[in-house]
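Going by this note's numbering, the first residue of the sequence shown is number 4, and it counts up by one from there.
Using N, Cα and C, we set each Cβ at its ideal position, and we do this for glycine too.
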Amino acid sequence: MEDDAAEEDVKVEETGLYDESGKLQYKNIFRTRKKSSVRAKEKKIRQNRQLRKTLIPKNALMALNEVVGLTISEFTITNASGGGFVAVVSVNDKQYEGKGHSKIAAKNNASEKALRDYVLEKMREKPRLRKNSVNADESVEMAVDTNNEVASENGEDGQEIAGAMSLMDDVPMVNLASFAIYKLFTEWENEGYVVPELRVAHAPQTGTGTGTDNSNADAGPQVKPPKAPPIRSELPNNWESIHPSTLLCMMRPGLQYREIGTVGDPPNVLQRMGVTVDEVDYESSGRSKKIARRNVAVCVLNELFGTNFIKEPPFEE
């Protein structure tokens, strides 16, 4: 009798978790979810650290070249009729064409198309099996632990581990994730934000690690300083359809917007942003920092390049 009463209590409790249609109520999902143990939390912390070492931001050209098993031809670059460049490359006997305002931009555009088609093709060939979240977390943790063991035995860094792991998986998820992070960081940079880790994949090696700080300069090849970003003098043909902040970053790469402060009293508060272009300071304001960056970019473009962009009004009418 006691067992029957206990079973009835469990049934009543379970029925309270579901609505009339039999679906688990959203507010009760967290009641049924098992809390993570201290060991599981520590594993997730190690996993996050390992992913940060492995997933280095890389552009499409670098990500494509690091995919195992691809046959990539040399790029053919020509001048585009409307300005800029056209890059053509053959990947696994498939030809891809990319356009850009510079040669490297055209190469990256073609590489992105090739990487996209290859990843989608592999994902269609081997669809991902659906597993519950517990099994998925365990598999990821096992992969991270395996990476740590291999690194401790062979002394390899995260990038070499990622290359070895990609051999076991036909879908190059590490390469795809590195490019996705790079693309997101580039978008943030075009909006005026400073992304410290965006150029980490391109950082030059400052030494071999075997010498001392006061070693002779003739002992090894000197590292050349990075080239300054190119400065454009002519606007692209489709400049009217490009966001002013993005267009200014194209014309003057490497710009950094600075926050000046606010103007006005609540609720009519305006954000002020500034930027220095060609040793000249420009400032403007807007309802938000994003609008303020756009307005200051409009000021620069209209003055230096003769565009006819219109600044957004300070307040909506």
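- No Cβ-Cβ contact shorter than 7 Å links residue 299 with residue 312.
- Here residue 77 has 92 as same chain residues with Cβ atoms under 8 Å from its own Cβ, once five neighbours each way along the sequence are excluded.
- Per DSSP, reduced to three states, the secondary structure at residue 52 is helical.
- When only Cα atoms are considered, residue 85 and residue 53 end up about 45 Å apart.
- The alpha carbon of residue 280 has as its nearest neighbour, out of 291, 130, 235, 266, the alpha carbon of 235.
- Residue 73 carries a coil assignment under DSSP once its states are collapsed to helix, strand and coil.
- Between residue 315 and residue 250, the alpha-carbon positions lie close to 17 Å from each other.
- The shortest CA-to-CA distance from residue 128 to any of 113, 119, 174 is the one to 174.
- Around the beta carbon of residue 237, fewer than 16 other beta carbons sit within 10 angstroms, so the residue counts as exposed.
- Selection 123, 130, 79, 121 evaluated against residue 107 yields 79 as nearest (Cα-Cα).
- The criterion of a C-beta distance shorter than 7 Å is not satisfied by residue 88 and residue 66.
- With a beta-carbon spacing of about 16 Å, residue 99 and residue 125 fall beyond the 8 Å limit used to define contacts.
- When beta bridges are read from the DSSP output, residue 99 appears opposite 92.
- As DSSP reads the structure, residue 275 sits in a beta bridge with 264, 288.
- Here the alpha carbon of residue 284 sits roughly 28 Å from the alpha carbon of residue 270.
- Per DSSP, residue 241 lies in no beta strand (DSSP E) and is assigned neither H nor E.
- DSSP places residue 82 in no alpha helix (DSSP H) but in the uninterrupted beta strand (DSSP E) bounded by 79–82.
- When DSSP states are grouped into helix, strand and coil, residue 283 belongs to the strand group.
- Distances from the alpha-carbon of residue 72 to those of 317, 245, 121 put 121 closest.
- The three-state secondary structure of residue 39, taken from DSSP, is coil.
- Note that the C-beta distance between residue 263 and residue 277 is below 7 Å.
- In this structure, 180 is the residue among 317, 180, 257, 246 with its C-alpha nearest to the C-alpha of residue 62.
- Residue 255 and residue 59 have their C-alpha atoms spaced approximately 25 Å apart.
- One alpha carbon belongs to residue 94, the other to residue 192, and they sit about 30 Å apart.
- Here the alpha carbons of residue 253 and residue 246 stand approximately 11 Å from one another.
- Less than 7 Å separates the beta-carbon of residue 273 from that of residue 288.
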